[in-house]
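Right, one structure below, let's go through it.
Protein chains: 2
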Amino acid sequence: MSDLPKAVRIHEEGPREGFQIERASIATADKVRFIEALAETGVPQIDCISYVNPERVPGMRDAEAVAAAIRRRPGVRYTGLWLNTRGLERALRAPLDLVGAIRVTASETFSLKNTGMTIEQTFAEQRRWLAIYREHGIATEWGYVMTAFGCNFEREVPIAQVLRMVAGLLDLANEHGIGLKGVYLADTVGHGTPLSMERRIGAVRERWPDLRLGLHLHDTRGTGMANAYAALRLGVDQFDSSCAGLGGCPFAGHKGAAGNICTEDLVYMCHEMGIATGIDLAKLAACAQMAETIVGHPLPGKVMRSGAAAAAGSQH
Amino acid sequence: MSDLPKAVRIHEEGPREGFQIERASIATADKVRFIEALAETGVPQIDCISYVNPERVPGMRDAEAVAAAIRRRPGVRYTGLWLNTRGLERALRAPLDLVGAIRVTASETFSLKNTGMTIEQTFAEQRRWLAIYREHGIATEWGYVMTAFGCNFEREVPIAQVLRMVAGLLDLANEHGIGLKGVYLADTVGHGTPLSMERRIGAVRERWPDLRLGLHLHDTRGTGMANAYAALRLGVDQFDSSCAGLGGCPFAGHKGAAGNICTEDLVYMCHEMGIATGIDLAKLAACAQMAETIVGHPLPGKVMRSGAAAAAGSQH
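Chain order of the listed sequences is Y and V.
Per the UniProt record's numbering, residue 1 is the first one in the first sequence, and the count goes up by one each step.
Per the UniProt record's numbering, residue 1 is the first one in the second sequence, and the count goes up by one each step.
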């Protein structure tokens, strides 16, 4: 009936995606407390901070303080995001895990508005990053195709364009002798539907049958979990998600930018369908409740409110 | 790849499901204004009110006033819900459409807690209802299996039990010479997952290949839209949903009871996958914004906030 994976790996994006867009100032201690609680749930990787311009993203002005304060739990990776060499320099001084990535945007307009570069220019930029990572001994793990399912400016992003982006990332990696873990298709502004998931994942699979795929999904139009299910059916086993549904893309160009799909809702759905995540759902639901208390307003996650998290969590 | 229907019929449940659980008192005029705006979107049927005990459900104490005030648009059906003969008597005096239904609950415990009757007793009760409907010339259209995907007390509801409920409803209808439009499987407290949708819908289809199925889905654990997609893939073309995600089941026995899946998010997903709904998405998103203003707090719908509703709606 479908090709559901036996297990999925989930990267927690809540702290970075969430705290960078909150209007209220979040105390550094609260961020640290949340990250430390997340680390107790069994999530293998937590994206904690962005090394971005604090003028532009004030919520991340304490990035270094957060990084320094986290009591790290063995076996969990704590990552941060940088978008330029100044950000990388800060990351190199911080005590978190350094994971390299190469990123291109499938929509030319979105690329220009979000990064100020054409797609061609971003490829040249990624080549430069690969050299920098090699220089610093940073492993490059995943390639990312942003806006792989459409964007607010161009709306539809053709499948052929997505394939060109994937091919470009793989060529770049080959050129540097790097075996990527795989390629993420990112629904950066939440334009995807289950059908567009099937078509794009199907097209990539047809061309690169052995390439591992990851999905970064935003729930901007309510299709996030349906999209995740469509991908699970096709065997996708790597997802980004955000505890409590924290977050949203501050650069997405419209006020409706919603957060990633909600980690505990995704974990619930996976466990109930017999897909292992390695995550303790009850602990994760408690983290989601903590996140809501920290940001001081309701967050979109459902399982944290539904009261069945403990029962469900105990089964897997 | 799948058996997506060309078109779906959506019954709007927002006014009834929503206003009956809101804590704040909603003005009758606001309820009427919302229902009239919904009727302009192209939805074929709107469930407006419950004829329930106003002591128990104060939000419905103005049911008659709402029914009397609606300026009805031709081609739209305006329905109300009754649960006992006192409710039916009120419905018979009100100027709304009368649609008969038979309802049983697959979980014995939920049936007892929610209706005070065993499953066997509810079947006897439904037999009595069919006689009453015939007496009053009310057509009985759909059978409903409540908690078809599990409940909070028994958790798992076996597939064989769901099949028994469907068989019982069909036998009852046959006994009275009624050709039901079909049978609704209701995920009354939001326990379903895409996999349990596939299994239960598949089992019913296998036994009754020509039986039309409807789905009533609650998004209690975040799986609502994924469940809808799983059902669409199997060709299900009849859904209940709730504008803005209004509502929730006040009898569900836990505080986390969430509303139905959100109508405009469902419509967005359908339109983007080439499935017609006959609904104007931009108008519906405006209704959702109105609902949020009326209830005075955020509602879970996404498309009403995402800013792409107009563009998406204009395509279908």
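Glycine included, C-beta positions come from ideal geometry on N, C-alpha and C.
* Asked: Taking C-alpha atoms, which residue in V:V162, V:G245, V:A226, V:E141 lies nearest to residue 402 (chain V)?
  -> This structure cannot settle anything about residue 402 (chain V), because the visible part of chain V is limited to 1 through 316.
* Can you name the start and end residues of the alpha helix (DSSP H) that I102 (chain Y) belongs to? -> Not the alpha helix (DSSP H): I102 (chain Y) falls in the beta strand (DSSP E), residues 100 to 105.
* Asked: Tell me which same chain residues have a C-beta within less than 6 angstroms of the C-beta of G59 (chain V), skipping the five on either side of it?
  -> F19, Q20, E22
* To do: Check the Cβ-Cβ distances between S306 (chain Y) and every residue of chain V, and say whether any is below 7 angstroms.
  => yes
* On the premise that T79 (chain V) lies in contact with L92 (chain V), defined as a C-beta separation below 8 angstroms, what is that separation, rounded to the nearest angstrom? -> That belief does not hold up - the Cβ atoms of L92 (chain V) and T79 (chain V) are roughly 13 angstroms apart, past 8 angstroms.
* **Where the beta strand (DSSP E) containing A186 (chain Y) begins and where it ends** => 182 to 187
* How about V189 (chain V) and N152 (chain V): do their beta carbons lie closer than 7 angstroms? -> yes
* **Per-residue DSSP class, three states only, for residue 317 (chain V)** => No answer is possible for residue 317 (chain V): it lies beyond the span of chain V, which begins at 1 and ends at 316.
* Would you tell me roughly how many angstroms separate the C-alpha atoms of H136 (chain V) and Q45 (chain V), rounded to the nearest one? => 21 angstroms
* **is_contact[P250 (chain Y), chain V] using C-beta, thresh 7 angstroms** => No answer about P250 (chain Y) holds up, because its pLDDT of 43 lies below 50 and its placement is not dependable.
* Asked: Between L4 (chain Y) and L234 (chain Y), what straight-line distance do the alpha-carbon atoms span, to the nearest angstrom?
  -> 7 angstroms
* To do: Please state whether DSSP places residue 321 (chain Y) in a helix, a strand or coil.
  => The structure shown does not extend to residue 321 (chain Y), since chain Y spans only 1 to 316, so no value can be given for it.
* Helix or strand or just coil, what does DSSP make of Y51 (chain Y)? -> coil
* To do: Can you give me, in chain order, the residues of the region 220 to 235 of chain V that have a beta carbon less than 9 angstroms from any beta carbon in chain Y?
  => T220, R221, G222, T223, G224, M225, A226, N227, A228, Y229, A230, L232, R233
* Determine, using beta carbons only, whether T140 (chain V) and Y133 (chain V) come nearer to each other than 7 angstroms. => yes
* Use the C-beta contact count for N260 (chain V): other C-beta atoms within 10 angstroms, 16 or more gives buried, fewer gives exposed. => buried
* Could you check what DSSP says for D97 (chain V) in three-state terms: helix, strand or coil? => coil
* Return the first residue and the last residue of the alpha helix (DSSP H) that Q161 (chain V) is part of. => 159 to 175
* Asked: Should the region 34 to 45 of chain Y be called in touch with the region 266 to 280 of chain Y, which here means at least 3 C-beta pairs below 8 angstroms?
  -> yes
* At a Cβ threshold of 7 angstroms, is L284 (chain Y) touching chain V? -> no
* Using the Cα positions of Q126 (chain Y) and V104 (chain Y), report the straight-line distance between them to the nearest angstrom. => 8 angstroms
* Considering only residues of the same chain and omitting the five flanking positions on each side of residue 318 (chain V), which have a CB-CB separation below 6 angstroms? -> Missing from the structure shown is residue 318 (chain V); chain V here goes from 1 to 316 and no further.
* CB contact check: P74 (chain V) to chain Y, cutoff 7 angstroms -> no
* Closest to L211 (chain V) by CA distance: which of V:G222, V:G116, V:V236 is it? -> V:V236
* Paired residues, beta bridge with I46 (chain V) - DSSP -> V:E12, V:Y78
* To do: Could you tell me whether the Cβ atoms of A148 (chain Y) and A203 (chain Y) are closer together than 7 angstroms?
  => no
* Asked: Hey, is T188 (chain V)'s beta-carbon within less than 7 angstroms of any beta-carbon in chain Y?
  -> no
* Within 7 angstroms (strictly less), CB to CB, does M273 (chain Y) reach chain V? -> yes
* In this structure, what does DSSP give as the bridge partners for W142 (chain V)? -> V:A101, V:G182
* Asked: Are the beta-carbon atoms belonging to Y268 (chain V) and V303 (chain V) less than 7 angstroms from one another?
  -> yes
* What does T193 (chain Y) reach in chain V if we use C-beta pairs closer than 7 angstroms? -> M269, E272, M273
* With 7 angstroms set as the bound, which would you pick, yes or no: does the beta-carbon of Q238 (chain Y) sit closer than that to a beta-carbon of chain V? -> no
* According to DSSP, residues forming a beta bridge with S242 (chain V) -> V:C262
* Asked: In terms of alpha-carbon separation, which member of V:G247, V:E272, V:V145 lies closest to G182 (chain V)?
  -> V:V145
* Taking the C-alpha atoms as reference points, what is the distance between V52 (chain V) and R90 (chain V)? -> 9 angstroms
* **For I49 (chain V) and L83 (chain V), the rounded distance between their alpha carbons** => 12 angstroms
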